[in-house]
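K.L.:
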Amino acid sequence: MVIKINSLTPELFLVLYSSNGWEPPCIEQVRTALEHTLATFTAYDGELPVGMVRLIGDGGMSFYLKDFAVIPNYQSKGAGTLLMNAVESFIMNVIAPGWAVTLELISTKSAVRFYLGKGFEERPCEWDGPGMFKMIRKEG
Ligand SMILES: CC(C)(COP(=O)(O)OP(=O)(O)OC[C@H]1O[C@@H](n2cnc3c(N)ncnc32)[C@H](O)[C@@H]1OP(=O)(O)O)[C@@H](O)C(=O)NCCC(=O)NCCS
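So the numbering used here is basically just the index in the sequence shown, starting at one, shifted up by 175.
This is how it looks when you write it as structure tokens:
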């Protein structure tokens with residue numbers, strides 16, 4: 176398996192996103208999101224795309240993982256680990272020595288153990304409250 180950086184198209188995003196049963200946004204919304212994404216990471220088994228993750232963030236203090244998805248047939252075969260390693264290498268390449276930055280996400284219930292295994296901490300904890308989330312919708 177190999178990881179390609181910034182090769183994710185809106186069309187492929189929709190395929191990988193939908194593969195786990197998630198209801199996808201429209202392609203125009205995906206295209207806009209990809210244009211403003213810091214980096215995309217796509218896992219390939221030969222010619223077959225099997226997983227993806229998007230990294231958004233400010234490049235200096237905060238990074239955020241979105242849309243981490245491996246197609247069902249390829250889960251638990253190491254693609255997620257390769258994608259996460261590629262994300263962390265990317266971050267290490269863009270930040271300066273001495274900087275500490277955050278990498279954040281909201282996990283699905285089923286992926287909590289995966290992220291714990293990658294060194295993420297859960298919130299709330301002794302000193303922090305829960306992560307917060309709000310959908311903003313424009314009717315039309
Ligand atoms: C979560 C996900 C991205 C992980 O990718 P993956 O390719 O399946 O993960 P890997 O094969 O690299 O697994 C790495 C380790 O995590 C464990 N793991 C993977 N998925 C797990 C899960 N859902 N629950 C518990 N452990 C999991 C594996 O057993 C493996 O452990 P090991 O290193 O001790 O063998 C993938 O399973 C997936 O797409 N799940 C469905 C969509 C989803 O929930 N995405 C998360 C969005 S926040």
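The C-beta atom is built at its ideal place from N, Cα and C for all residues, glycine as well.
Here the structure is a predicted model, which is why all the values come from computation and not from measurement.
#1: Looking only at DSSP bridge pairs, what is V177 linked to?
#2: Take L278 as the anchor and find which of F238, E186, G221 has the nearest alpha-carbon.
#3: Rounded to the nearest angstrom, what separates T207 and W302 at their Cα positions?
#4: Nearest to L189 by CA position, among I178, C201, K179, N181, is which residue?
#5: Tell me the DSSP secondary structure of F188 in three-state form.
#6: Is the separation between the beta-carbon of N248 and that of T215 shorter than 7 Å?
#7: Quick check on R288: buried or exposed, where buried means 16 or more other Cβ atoms within 10 Å of its Cβ?
P.N.:
Considering the structure as presented:
#1: Y219
#2: F238
#3: 36 Å
#4: C201
#5: helix
#6: Taking 7 Å as the Cβ cut-off, N248 and T215 do not qualify as a contacting pair.
#7: exposed
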